[in-house]
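Colleague: Residue numbers (the working numbering), protein chains in the order written: chain V, 327 to 755; chain A, -5 to 82. For glycine and all other residues, C-beta sits at the position ideal for the given N, C-alpha and C.
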């Protein structure tokens, strides 16, 4: 049974039991959407989604995500937030980037699952991994009405875990979220200055570029997430914003928000391996961080669990204990992080190797003071191939990748540099 | 004393040249002024942080120096970046 559209009342504008804070606002593309406006849009969407069992929404902007979340919550339906153009199976209603609803009436109605959120983990190739999150767990740490007066800047993809956390913090806690038409750092820095932003949660790569703009909004709280935060950057931020709280968060779509580190030092205290932190148990096994806690994704979207039988989840993040600290040392699976975008060098290399006329190629990972890491590539042309003819074909083969996943320099060489064991050198010093 | 013996003006010209190459690679053009006060991000230059990261790779190849080896260092303008490479 589909419940009827909620009837609004003064203290409960969305008909959601007062979940939405009356003081919240979204400022997007020059428009201001207050709680009443969001509630109106959500009620309209509820009307258009009546009878739907499983809903997907293109997570185009914070506004679109906010309205879709409020509507799905009212309807008590599962909502998949889409970051690309791949539609999950079993969805019978799609909210497009323009807010229009498309229905897919199947012969057999899919099973309704109740309200939960299905998020896509970020990745550069293939079908995205989808993970189901319990809404109450996602919002457990947001205190109603506590954020009033704060002004947040939207820097993350609104459909990703981090972007959603910021959005839910504002919707539930109150305050203003300012979003721009593009997530270009100089444009966002300008937006931060014009709206006197007080809170920013962003990747370390964003912060490095933000510092370079010289913009000085009245920040009270700076959060770093999505990549490992290095000590030099933490020191620079503390110096540039001496009155602000600086913390780095360890979170992922799979693991949820596990813990925040607020002591100004990179990594996290080794003591937490013994004591746990914020309800989360931490362990290092074979050099990789394992976690167990209350905010993990409840399951993959197809129902399979994400943890082992004891509730432990393997993060895939390699760590090393150095004195009283645990420091992050990259990914076990070779995945690298370019400006907050997760990239698999192997997959990029495969695209290059598939170009006719390329005899061999090695995608290299360089550390970058701006984007954390950066890909470059060495290529060997097949005998008789004209490099100037080949280069545009390689560029075209990579054009479909996000900018961060494309090797930024294509260097043609006669032979690839190999490691002493004869393997391609992935990491370039 | 620098390892490649460039003065500030010459270093700035190297940076300008690499900036133009990176812009050309992404199909962008820039005919505006480029000087020590030019900001890489947040000004009229159509540069993003990936372009800036690429510039530092190119500069390391050109100069054989990496002033960021020990970590991030603050710079905003082309002149400030040139100074980092001129430290030697």
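Could you spell out the range, first to last residue, of the alpha helix (DSSP H) harbouring residue 80/A?
Modeller: As a first step, residue 80/A is located in the second chain; it is residue number 86 there, counting from the start. Run containing residue 80/A: 72 to 80, per the alpha helix (DSSP H) assignment.
Colleague: Which residues of chain V have a Cβ atom closer than 7 Å to the Cβ of residue 17/A, listed in chain order?
Modeller: The residue you call residue 17/A lines up with position 23 of the second chain. Those within 7 Å of residue 17/A in chain V number zero; the least Cβ separation is about 13 Å.
Colleague: Can you give me, in chain order, the residues of the segment 22 to 48 of chain A that have a beta carbon less than 7 Å from any beta carbon in chain V?
Modeller: From the segment 22 to 48 of chain A, only 34, 35, 36, 42, 43, 44, 46, 47 and 48 have a Cβ closer than 7 Å to chain V.
Colleague: Between the segment 500 to 519 of chain V and the segment 528 to 546 of chain V, are three or more C-beta pairs nearer than 8 Å?
Modeller: Output reads yes: the segment 528 to 546 of chain V touches the segment 500 to 519 of chain V.
Colleague: Counting Cβ pairs closer than 8 Å, one from the segment 408 to 424 of chain V and one from the segment 481 to 489 of chain V, do we hit at least three?
Modeller: Judged by Cβ distances under 8 Å, the segment 408 to 424 of chain V makes contact with the segment 481 to 489 of chain V, as three or more pairs qualify.
Colleague: According to DSSP, is residue 591/V part of a helix, a strand, or is it coil?
Modeller: Locating residue 591/V in the first chain gives position 265, counting from the first residue. In the structure shown, residue 591/V sits in coil (DSSP, three-state: anything other than H, G, I, E or B).
Colleague: Nearest chain V C-beta to residue 59/A closer than 8 Å, yes or no?
Modeller: Position 65 of the second chain holds residue 59/A. Taking Cβ atoms only, chain V never reaches closer than 8 Å to residue 59/A, which makes this a no.
Colleague: Locate the alpha helix (DSSP H) running through residue 9/A, then write down its first and last residues.
Modeller: For this step, residue 9/A is matched to residue 15 along the second chain. Note, residue 9/A: alpha helix (DSSP H), 2 to 19.
Colleague: Return the residue from the list 706/V, 705/V and 676/V that minimises the CA-CA distance to residue 727/V.
Modeller: On the first chain, residue 727/V is found 401 positions in, with the first residue counted as 1. Nearest C-alpha to residue 727/V: 676/V.
Colleague: Are there 16 or more other CB atoms within 10 angstroms of the CB of residue 670/V, so buried, or fewer, so exposed?
Modeller: What you label residue 670/V is simply residue 344 of the first chain in a count that begins at 1. Buried, since its Cβ has 16 or more Cβ neighbours within 10 Å.
Colleague: Pull up the CB-CB distance for residue 641/V and residue 531/V, whole angstroms please, since I reckon it's below 8 Å.
Modeller: Looking up residue 641/V in the first chain gives position 315. Looking up residue 531/V in the first chain gives position 205. That pair is no contact at about 20 Å.
Colleague: Taking only beta-carbon atoms, is residue 13/A less than 8 Å away from chain V?
Modeller: The sequence position of residue 13/A within the second chain is 19, counting from 1. So, not an interface residue.
Colleague: Could you tell me which of 645/V, 593/V and 595/V sits nearest to residue 616/V, measuring between CA atoms?
Modeller: By 1-based counting over the first chain, the position of residue 616/V is 290. If we check each option's Cα against that of residue 616/V, 645/V comes out closest.
Colleague: For chain V, check one thing: does any of its Cβ atoms lie closer than 8 Å to the Cβ of residue 73/A?
Modeller: Counting from one through the second chain, the residue named residue 73/A turns up at place 79. Cβ-Cβ to chain V under 8 Å: no for residue 73/A.
Colleague: Counting contacts by CB-CB distance shorter than 8 Å, is residue 0/A in contact with chain B?
Modeller: Checking the listed chains, one finds no chain B in this structure; the protein chains it contains are V and A.
Colleague: Pair every Cβ in the segment 439 to 447 of chain V with every Cβ in the segment 363 to 372 of chain V, then say whether three or more of these pairs are closer than 8 Å.
Modeller: Verdict: no, contact absent.
Colleague: Within 10 Å of its beta-carbon, does residue 543/V have 16 or more other beta-carbons around it, so buried, or fewer, so exposed?
Modeller: To locate residue 543/V, count along the first chain from 1; it is residue 217. When all chains shown are included, residue 543/V counts as buried.
Colleague: Closer than 7 Å by C-beta to residue 68/A: which residues in its own chain qualify, once you throw out the five before and the five after it? Chain order, please.
Modeller: By one-based count along the second chain, residue 68/A stands at place 74. Closer than 7 Å at Cβ, skipping near neighbours: no residue.
Colleague: Per DSSP, residue 704/V is paired with what?
Modeller: Counting from one through the first chain, the residue named residue 704/V turns up at place 378. Residue 704/V is bridged to 688/V and 737/V.
Colleague: Within 8 Å (strictly less), CB to CB, does residue 678/V reach chain A?
Modeller: Reading the first chain from its first residue, position 352 is the one you call residue 678/V. No, no contact with chain A.
Colleague: At the level of alpha carbons, what is the spacing between residue 440/V and residue 658/V?
Modeller: Looking up residue 440/V in the first chain gives position 114. Looking up residue 658/V in the first chain gives position 332. Answer to the nearest angstrom: the Cα atoms are 35 Å apart.
Colleague: Answer yes if the segment 592 to 612 of chain V comes into contact with the segment 552 to 561 of chain V, meaning at least three C-beta pairs across the two stretches below 8 Å, and no otherwise.
Modeller: Touching, yes, given that three or more Cβ pairs across the two stretches are closer than 8 Å.
Colleague: Under a CB-based cut-off of 8 Å, is residue 433/V close to chain A?
Modeller: Counting from one through the first chain, the residue named residue 433/V turns up at place 107. The pLDDT assigned to residue 433/V is 49, lower than 50, so where the model puts this residue is not dependable; a value taken from the coordinates is nonetheless given after this. For residue 433/V, the answer is no, since every Cβ of chain A falls outside 8 Å of its Cβ.
Colleague: When you compare the CB of residue 534/V with every CB in chain A, is at least one pair closer than 8 Å?
Modeller: In the first chain, counting from the first residue as 1, residue 534/V sits at position 208. Yes, its Cβ sits closer than 8 Å to a Cβ of chain A.
Colleague: Can you find the residues in the same chain that come closer than 6 Å, C-beta to C-beta, to residue 10/A, ignoring five residues on each side of it along the sequence?
Modeller: Taking the second chain and counting its residues from 1, one reaches residue 10/A at position 16. Correct list, in chain order: 28.
Colleague: Are the segment 410 to 427 of chain V and the segment 463 to 476 of chain V touching, with three or more C-beta to C-beta distances below 8 Å?
Modeller: With a cut-off of 8 Å, the segment 463 to 476 of chain V and the segment 410 to 427 of chain V do not count as touching, because too few Cβ pairs lie within range.
Colleague: Would you mind telling me which residues of chain A sit closer than 8 Å to residue 481/V, beta carbon to beta carbon, in chain order?
Modeller: Taking the first residue of the first chain as 1, we reach residue 481/V at position 155. Within chain A, no residue comes near residue 481/V; the closest Cβ sits about 12 Å away, beyond 8 Å.
Colleague: If you draw a straight line from the C-alpha of residue 429/V to the C-alpha of residue 379/V, how long is it?
Modeller: What you label residue 429/V is simply residue 103 of the first chain in a count that begins at 1. What you label residue 379/V is simply residue 53 of the first chain in a count that begins at 1. The alpha-carbon atoms of residue 429/V and residue 379/V are separated by roughly 11 Å.
Colleague: Compare the C-alpha of residue 736/V against each of 72/A, 51/A, 73/A and 64/A and name the closest.
Modeller: Start at 1 with the first residue of the first chain, and residue 736/V comes out as number 410. Residue 736/V has its Cα closest to that of 51/A, out of 72/A, 51/A, 73/A and 64/A.
Colleague: By the three-class DSSP mapping on this structure, what secondary structure does residue 527/V have?
Modeller: For the purposes of this step, residue 527/V is taken as the residue at position 201 of the first chain. Correct three-state label for residue 527/V: strand.
Colleague: Report the neighbours of residue 511/V on chain A: residues whose CB is nearer than 9 Å to its CB, in chain order.
Modeller: For this step, residue 511/V is matched to residue 185 along the first chain. Here the neighbours are 35, 36, 42 and 43.
Colleague: Is there a Cβ from chain V that is less than 8 Å from the Cβ of residue 81/A?
Modeller: Within the second chain, numbered from 1, the residue matching residue 81/A stands at position 87. Cβ-Cβ to chain V under 8 Å: no for residue 81/A.
Colleague: Would you mind working out which of 652/V, 492/V, 674/V and 597/V sits nearest residue 550/V, comparing C-alpha positions?
Modeller: Residue mapping note: residue 550/V aligns to position 224 of the first chain, counting from 1. Per the Cα distances, 492/V.
Colleague: Using a beta-carbon distance below 8 Å, is residue 8/A in contact with chain V?
Modeller: Numbered from 1 along the second chain, position 14 holds the residue referred to as residue 8/A. No, residue 8/A does not count as interfacial toward chain V.
Colleague: Where do the ends of the beta strand (DSSP E) carrying residue 446/V lie?
Modeller: The sequence position of residue 446/V within the first chain is 120, counting from 1. 442 to 446 is the extent of the beta strand (DSSP E) around residue 446/V.
Colleague: At a CB-CB cut-off below 9 Å, which residues of chain V make contact with residue 78/A?
Modeller: Mapped onto the second chain, residue 78/A falls at position 84. Under the 9 Å cutoff, chain V gives no residues; its nearest Cβ is about 10 Å from residue 78/A.
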